[in-house]
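Chains as they are written, first to last, in numbering that gives the first Met the number 0: chain A, 0 to 304; chain B, 0 to 140. No residue lacks a Cβ here, since even glycine has one placed at the ideal position from N, Cα and C.
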Amino acid sequence: MDLQGRNLIAPLDLTVEEMEQIFNLAEKIIAKPQDYAEVCKGNLLATLFYEPSTRTRLSFEAAMLRLGGQVIGFSEPGSSSVSKGESIADTIHTIASYADIAVMRHPKEGAALVAARRSGIPIINAGDGGHFHPTQTLTDLLTIRLEKKDFSGITIGLCGDLKFGRTVHSLICAFARYSGVKFVLISPDELRVPEYVLDEISDYEEVRDLSEALPQLDVLYMTRVQRERFFNEDDYIRLKDSYILNAAKMRFAKEDLMVLHPLPRVNEISTDVDDDPRAFYFRQMKNGMYVRMALLMALLGKEIA
Amino acid sequence: MEINSIENGLVIDHLRAGSGLRVLEYLDIDTERGSVALIMNVSSNKHGKKDIIKLENIESIDINVLGLIDHNATIIHIRNGKIIHKTKLSLPKKVANVIRCKNPRCITSIENVPHIFHLADNTGKYRCEYCDNFGRINDGK
Ligand SMILES: [Zn+2]
């Protein structure tokens, strides 16, 4: 794999072939995790979380520890020198002299790119403001691939806040590179997919109603519709239920539908769906750890034949 | 109104009428090196009204910045009173520290890094290298 020393800042930094390599490696790790328990022995991962995201940080830390590597870092800027106004460039200089690879989460958009320019060690973007979250995209794609084997012919529905949801934009752009994928974009008018994302895809339809769209879907990607995105309370109350998935609506869905969600959820998937075999959102989290294991190995140049 | 032709230097012709002052501001010309004349609202048979800038004894300017502000302008190079070359302008592919990112969530709002923008289409829309937000030259300094 020729990914050694590279960064992962934006979801399209990896070619389709490179993503396939990471998925193949992730599948091998899932099949025989014990074979990988020491491949990153002696390597140190720095987790630089300028805003808290316990879920993502733990996923990266678990991934590194399961590869036999070790972890340092901070999870709140208040507890480190960054709270004293140290620049990202200076912080990353320091970190790069200790660690072999770093993961960064930052409230400002483009922060990981600034870090990557100055670091000398691979940087993985674990979320920069409302911009990119590429390892979430890898997680989503791996989860679908494990189940569907092949992306071609898939009809994927994306539901909820399609305007501000960065995971949605990344997923659409990554999926758009595969042929034979159809998109059904389910959102209120106020929260439609932005024009520049629509420009990337050819086969899509935009609809208002989840129940109506559900029967044709192979994959349903749910996101949260936040109250503060609406101009007025009436619109929110009128619309919010149309974008909540529950057991009653699941009766109209295909037998082999996959329901995904980047988590955490609030109420957009009601808990009566959790035990449905078509609910994949908890399995998705575990896949997130495996795909991060594969990514860490690839960027550190650890190849296993 | 008439201003004598220059012997050596540059003439920036076909500037959009009214844009000359701003062009001068962006070009940030060192007037120690030569003299500068700005002629505004000249009648032009091609485009109605235009502005012209004459730069005596000044041989080079930042073409990128000029292309960004007014890519329809022409630069005429003059030596010994003769036109030796004309440069057609185009929108620069990449500019640093000319457009400033206005996205309050952009890293450029807190970190000391150059504001870099890349040309996104042929209408002069530019995209921030860091946050992908669009910016235009009119967004100002
Ligand atoms: Zn920006």
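Checklist entry - Which residues of chain B have a Cβ atom closer than 7 angstroms to the Cβ of Ala-110/A, listed in chain order? => result Numbered from its first residue, the first sequence carries residue 110/A at position 111. Ile-106, listed in chain order.
Checklist entry - Which bits of chain A does Asn-102/B rub up against, with CB to CB less than 8 angstroms? => result By 1-based counting over the second sequence, the position of residue 102/B is 103. Per Cβ cutoff of 8 angstroms: Glu-108.
Item to check | Alpha carbon of Phe-281/A to alpha carbon of Phe-116/B, nearest angstrom | outcome: Residue mapping note: residue 281/A aligns to position 282 of the first sequence, counting from 1. Residue mapping note: residue 116/B aligns to position 117 of the second sequence, counting from 1. The straight-line gap from Cα to Cα measures roughly 40 angstroms.
Item to check | Segment contact flag, the stretch 72-85 of chain B with the stretch 8-16 of chain B, C-beta cutoff 8 angstroms, min 3 pairs | outcome: yes
Item to check | Boundaries of the beta strand (DSSP E) in which Phe-251/A is found, first to last residue | outcome: In the first sequence, the residue the question calls residue 251/A occupies position 252. No beta strand (DSSP E) holds Phe-251/A; DSSP gives it neither H nor E.
Next on the checklist: Would His-326/A pass as an interface residue toward chain B - the criterion being a Cβ-Cβ separation below 8 angstroms?
Outcome noted: This structure cannot speak to residue 326/A, because chain A is shown only from 0 to 304.
Next on the checklist: Taking the straight line between their C-alpha atoms, what separation do you get for Asp-273/A and Glu-110/B?
Outcome noted: Here the question's residue 273/A lines up with position 274 in the first sequence. Here the question's residue 110/B lines up with position 111 in the second sequence. So the alpha carbons of these two residues sit roughly 43 angstroms apart.
Next on the checklist: Between Glu-31/B and chain A, is any beta-carbon pair separated by less than 8 angstroms?
Outcome noted: To locate residue 31/B, count along the second sequence from 1; it is residue 32. For Glu-31/B, the answer is no, since every Cβ of chain A falls outside 8 angstroms of its Cβ.
Next on the checklist: Please tell me whether Tyr-125/B has its Cβ less than 8 angstroms away from any Cβ of chain A.
Outcome noted: One-based indexing of the second sequence puts residue 125/B at position 126. Judged by the 8 angstroms Cβ criterion, Tyr-125/B is not in contact with chain A.
Checklist entry - What is the DSSP secondary structure of Thr-307/A, counted as helix, strand or coil? => result Outside the modelled stretch of chain A, which goes from 0 to 304, sits residue 307/A, for which no answer is possible.
Item to check | Where the alpha helix (DSSP H) containing Thr-154/A begins and where it ends | outcome: Counting from 1 along the first sequence, the entry for residue 154/A is found at position 155. Per DSSP, Thr-154/A belongs to no alpha helix (DSSP H); it is in the beta strand (DSSP E), 154-158.
Checklist entry - Going by DSSP, what residues sit across from Glu-55/B in a beta bridge? => result The count along the second sequence starts at 1 and reaches residue 55/B at position 56. DSSP lists Gly-8/B and Ser-34/B as partners of Glu-55/B.
Checklist entry - Can you list the residues of chain B that Ile-91/A reaches, using a CB-CB cut of under 7 angstroms? => result The count along the first sequence starts at 1 and reaches residue 91/A at position 92. Simply none; closest approach about 11 angstroms.
Checklist entry - Which two residues bound the contiguous beta strand (DSSP E) that contains Arg-126/B? => result Looking up residue 126/B in the second sequence gives position 127. Segment 125-127, the beta strand (DSSP E) holding Arg-126/B.
Next on the checklist: So if DSSP puts Cys-130/B in a beta bridge, which residue, or which two residues, is it bridged to?
Outcome noted: Position 131 of the second sequence, counting from 1, holds the residue named residue 130/B. Paired residue(s): none; Cys-130/B is not in a bridge.
Item to check | Alpha-carbon spacing of Glu-26/A relative to Asp-234/A, whole angstroms | outcome: Start at 1 with the first residue of the first sequence, and residue 26/A comes out as number 27. Start at 1 with the first residue of the first sequence, and residue 234/A comes out as number 235. So the two alpha carbons sit approximately 44 angstroms from each other.
Next on the checklist: Am I right that Met-103/A and Ile-120/A are in contact with their C-beta atoms under 8 angstroms? What's the rounded C-beta distance?
Outcome noted: Position 104 of the first sequence, counted from the first residue, corresponds to residue 103/A. Position 121 of the first sequence, counted from the first residue, corresponds to residue 120/A. At roughly 11 angstroms, the Cβ-Cβ gap does not stay under 8 angstroms, so Met-103/A and Ile-120/A are not in contact.
Checklist entry - Mapping DSSP to helix, strand and coil, what is Asp-138/B? => result By one-based count along the second sequence, residue 138/B stands at place 139. Any reading at Asp-138/B needs caution, since the residue's pLDDT is 44, under 50, leaving its predicted position unreliable; the model's value is listed next. Asp-138/B falls in the helix class under three-state DSSP.
Item to check | Chain-ordered chain B contacts of Ser-52/A [CB-CB under 7 angstroms] | outcome: Residue mapping note: residue 52/A aligns to position 53 of the first sequence, counting from 1. Near Ser-52/A there are no residues of chain B at all, since even the closest Cβ is about 16 angstroms away, more than 7 angstroms.
Checklist entry - For Ser-269/A, does the three-state DSSP call read helix, strand or coil? => result Counting from 1 along the first sequence, the entry for residue 269/A is found at position 270. Coil, per DSSP.
Checklist entry - Using the C-alpha atoms, what's the distance from Pro-10/A back to Arg-176/A? => result Translated into the one-based positions of the first sequence, residue 176/A becomes position 177. Translated into the one-based positions of the first sequence, residue 10/A becomes position 11. If you take the alpha carbons of Arg-176/A and Pro-10/A, they lie about 12 angstroms apart.
Item to check | Three-way DSSP call (helix, strand, coil) for Gly-126/A in this model | outcome: Translated into the one-based positions of the first sequence, residue 126/A becomes position 127. Reduced to three states, the DSSP call for Gly-126/A is strand.
Next on the checklist: At the 8 angstroms Cβ level, is Asp-6/B part of the contact set with chain A, yes or no?
Outcome noted: Residue numbering aside, residue 6/B sits at position 7 when the second sequence is read from its first letter. Sequence inspection shows Glu at residue 6/B; the Asp mentioned does not correspond to that position. Not one chain A Cβ lies under 8 angstroms of Glu-6/B.
Checklist entry - So, does the CB of Val-113/A fall closer than 8 angstroms to a CB anywhere in chain B? => result Looking up residue 113/A in the first sequence gives position 114. Closer than 8 angstroms: yes.
Checklist entry - What does a CB cutoff of less than 6 angstroms around Arg-277/A pick up in its chain, not counting 5 residues either side in sequence? => result Here residue 277/A refers to the residue found at position 278 of the first sequence. Excluding residues within five positions, the ones whose Cβ falls inside 6 angstroms are Leu-256 and Val-258.
Next on the checklist: Taking 7 angstroms as the cut-off, is the C-beta of Asn-111/B nearer than that to any heavy atom in ligand 1?
Outcome noted: Here residue 111/B corresponds to residue number 112 of the second sequence, with the count starting at 1. False, no ligand heavy atom lies under 7 angstroms from that Cβ.
Next on the checklist: Tell me the rounded alpha-carbon separation between Asn-141/B and Arg-56/A.
Outcome noted: Summary: the structure shown does not reach residue 141/B, with chain B confined to residues 0 through 140, and so no result is reported for it.
Checklist entry - When the Cα atoms are used, what is the spatial distance from Gly-68/A to Thr-46/A? => result Here the question's residue 68/A lines up with position 69 in the first sequence. Here the question's residue 46/A lines up with position 47 in the first sequence. Distance between the alpha carbons of Gly-68/A and Thr-46/A is about 13 angstroms.
Item to check | Chain-ordered neighbours of Asn-111/B on chain A, where CB pairs are closer than 9 angstroms | outcome: Numbered from its first residue, the second sequence carries residue 111/B at position 112. In chain order: Ser-86 and Ala-88.
Checklist entry - Does DSSP classify Glu-26/A as helix, strand or coil? => result Here residue 26/A refers to the residue found at position 27 of the first sequence. Here Glu-26/A sits in helix by DSSP.
Checklist entry - Within 8 angstroms (strictly less), CB to CB, does Asp-120/B reach chain A? => result In the second sequence, counting from the first residue as 1, residue 120/B sits at position 121. It does not; no Cβ of chain A falls within 8 angstroms.
Next on the checklist: Looking at the secondary structure, which residues open and close the alpha helix (DSSP H) in which Val-196/A lies?
Outcome noted: The residue you call residue 196/A lines up with position 197 of the first sequence. Per DSSP, Val-196/A belongs to the alpha helix (DSSP H) from 194-197.
Checklist entry - Could you give the distance in angstroms between the alpha-carbon of Gly-287/A and the alpha-carbon of Thr-138/A? => result Mapped onto the first sequence, residue 287/A falls at position 288. Mapped onto the first sequence, residue 138/A falls at position 139. Rounded to the nearest angstrom, the two C-alpha atoms are 5 angstroms apart.
Checklist entry - Can we count Asn-102/B as close to ligand 1, meaning its CB is less than 7 angstroms from some heavy atom? => result The residue given as residue 102/B occupies position 103 in the second sequence. Yes, the beta carbon of Asn-102/B sits closer than 7 angstroms to at least one heavy atom of ligand 1.
Checklist entry - Which bits of chain A does Asp-27/B rub up against, with CB to CB less than 8 angstroms? => result Residue mapping note: residue 27/B aligns to position 28 of the second sequence, counting from 1. By Cβ distance, chain A contributes nothing, its closest Cβ being about 27 angstroms from Asp-27/B, past 8 angstroms.
Checklist entry - How would you write the range of the alpha helix (DSSP H) that Ile-91/A sits in, first residue to last? => result Reading the first sequence from its first residue, position 92 is the one you call residue 91/A. Ile-91/A -> alpha helix (DSSP H) spans 87-95.
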